[in-house]
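Worksheet: one structure, shown below.
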Amino acid sequence: MSEKVKCLIIGSGPAGYTAAIYAARANLNPVVYEGLQPGGQLTTTTEIENFPGFPEGITGPELMDRMKAQAQRFGTDVRFGYITKVDFSGYPLKVTADHTHEIEAESVIIATGATAKYLGLESEEKYRGLGVSACATCDGFFYRDKDVAVVGGGDTACEEASYLAGLCKKVYMIVRRDELRASKVMQKRVLTNPKIEILWNHNTVEILGDKSGVTGARLINNKTNEEKIINIHGFFLAIGHTPNTDIFKEYLQTDKNGYIITEKGSTKTNIPGVFAAGDVQDPKYRQGVTAAGSGCMAAKDAETFLAEKE
Ligand code: NDP
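To convert, take the position in the sequence shown, counting from 1, and add 218; that gives our numbering.
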């Protein structure tokens, strides 16, 4: 026998927990499946200084613990586990948790987020959180007046390099080709910024460091095979994100990069009763606070959907 759930929320980042807070307060008896990374991407960062309401800053894990506690305070059933399969071909919506537990949901809010891509170097893993970061807006502030590097040549890399140039002494952009993928306007912004030096045709071989964290990076010019060492304290990845949408793709419309497409100004997907919030449907803003905002929208959209169904 399947368990019957009124509002199933998949994912436990700011989008998932905000959806849970609103859904619980609207008596939708939400059940949250935390997923493989309880608390989401913010738990991988240290200090968060741009989430409104915390003028003194707060650590990522603490912020997420507080959101979880707030969701539970209103009766959200938070479960450690993850969704392994969905079947949105009929209604109620069928979902399988942990390979075996069958659920029939009247509404589903997908808040599974996205995962930043890394280069896959051993040294990158070693210094993750000690100078290696995939979020300049989160961690750039710690490198004030220092030298840093950004890897990538897309809009995100340009945006992050420009942001870091406002804080740091010097920003290297490590670009693997001899051109940028970014839009012309973003290209112009980095090409004209005197604090940004673009290292064309370069790949990162190793990130160097000591007990204090990152101290440099060893690069290779993929045209000339020449090696180069740059002295930096921060190494920022901006080579794209992968939205966590694999199990939904059979049913939901996604863009060419796999992000779920939602109706403009709402969190509705192409399947009635299925809503998407947070980074899983947002390749652009990707902030904790924007994810939380769209989580609120998803709960309200689910509430309206269920009310109209009755
Ligand atoms: P993109 O996929 O657009 O760019 C990724 C960049 O990283 C490319 O330059 C790519 O190089 C490089 N790259 C990928 N893998 C590696 C690797 N292993 N080693 C070195 N370099 C690598 O991702 P973005 O996150 O920049 O953008 C995602 C989407 O979001 C885009 O559609 C973008 O336009 C949009 N966006 C818009 C913004 C805005 O409008 N302000 C801001 C941020 C994002 P290569 O070019 O050689 O493939």
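We treat Cβ as the ideally placed atom computed from N, Cα and C, and that holds for glycine.
Per DSSP, residue i is paired with what?
{"i": "Leu470", "result": "Per DSSP, none; premise fails for Leu470."}
{"i": "Pro461", "result": "Ala332"}
{"i": "Thr277", "result": "Glu265"}
{"i": "Glu526", "result": "Glu526 is not bridged to any residue."}
{"i": "Tyr390", "result": "Ala367, Glu415"}
{"i": "Asp295", "result": "Val249"}
{"i": "Val223", "result": "Ala323"}
{"i": "Asn449", "result": "Gly434"}
{"i": "Ile489", "result": "None; Ile489 has no bridge partner."}
Three-state secondary structure (DSSP) at residue i?
{"i": "Leu455", "result": "strand"}
{"i": "Thr422", "result": "strand"}
{"i": "Leu417", "result": "strand"}
{"i": "Thr314", "result": "strand"}
{"i": "Gly372", "result": "coil"}
{"i": "Asp500", "result": "coil"}
{"i": "Cys514", "result": "helix"}
{"i": "Asp519", "result": "helix"}
{"i": "Pro407", "result": "Here residue 407 turns out to be Arg, not Pro, going by the sequence shown. In this structure, Arg407 counts as helix in the three-state DSSP scheme."}
{"i": "Asp305", "result": "strand"}
{"i": "Ile239", "result": "helix"}
{"i": "Arg399", "result": "coil"}
{"i": "Glu258", "result": "Note that residue 258 corresponds to Gly in the displayed sequence, not to Glu. Three-state result, Gly258: helix."}
{"i": "Lys286", "result": "helix"}
{"i": "Gly427", "result": "strand"}
{"i": "Ala494", "result": "strand"}
Only counting the same chain, and skipping five residues up and downstream in sequence, which positions put a Cβ closer than 6 Å to that of residue i?
{"i": "Asn419", "result": "Asp396, Asn439, Asn440, Lys441"}
{"i": "Val326", "result": "Leu226, Leu311, Val492"}
{"i": "Leu437", "result": "His420, Thr422, Lys446"}
{"i": "Thr330", "result": "Ile228, Gly229, Asn462, Val498"}
{"i": "Tyr361", "result": "Cys386, His451, Gly452"}
{"i": "Ala244", "result": "Glu521"}
{"i": "Thr262", "result": "none"}
{"i": "Leu348", "result": "Gly431"}
{"i": "Phe292", "result": "Ala242, Arg243"}
{"i": "Pro248", "result": "Cys225, Ile227, Ala238, Ala241, Ala242, Thr294"}
{"i": "Ile267", "result": "With the sequence shown as reference, residue 267 is identified as Glu, and Ile is not the correct amino acid for it. So the list reads Gly275, once near-sequence residues are dropped."}
{"i": "His317", "result": "Thr302"}
CB-CB under 7 Å to residue i, same chain, minus the five flanking residues each way: which ones, in chain order?
{"i": "Gly434", "result": "Leu426, Ile447, Ile448, Asn449, Ile450"}
{"i": "Leu254", "result": "Tyr300"}
{"i": "Glu378", "result": "Ala354, Val368, Phe454, Ala456"}
Any heavy atom of the ligand NAD closer than 7 Å to the beta-carbon of residue i?
{"i": "Asp500", "result": "This structure lacks the ligand NAD; the ligands present are the ligand NDP."}
Mind the definition here: the stretch 237-245 touches the stretch 302-313 only if three or more C-beta pairs lie below 8 Å; say whether that holds.
-> no
Could I get the ranges of all uninterrupted beta strand (DSSP E) runs contained in the stretch 321-369, with 3 residues as the minimum, in chain order?
-> 332-334, 365-369
When the Cβ atoms of the stretch 337-346 are set against those of the stretch 404-424, are three or more pairs found closer than 8 Å?
-> yes
Meets three-Cβ-pair contact criterion under 8 Å: the stretch 480-490 and the stretch 462-472 | yes
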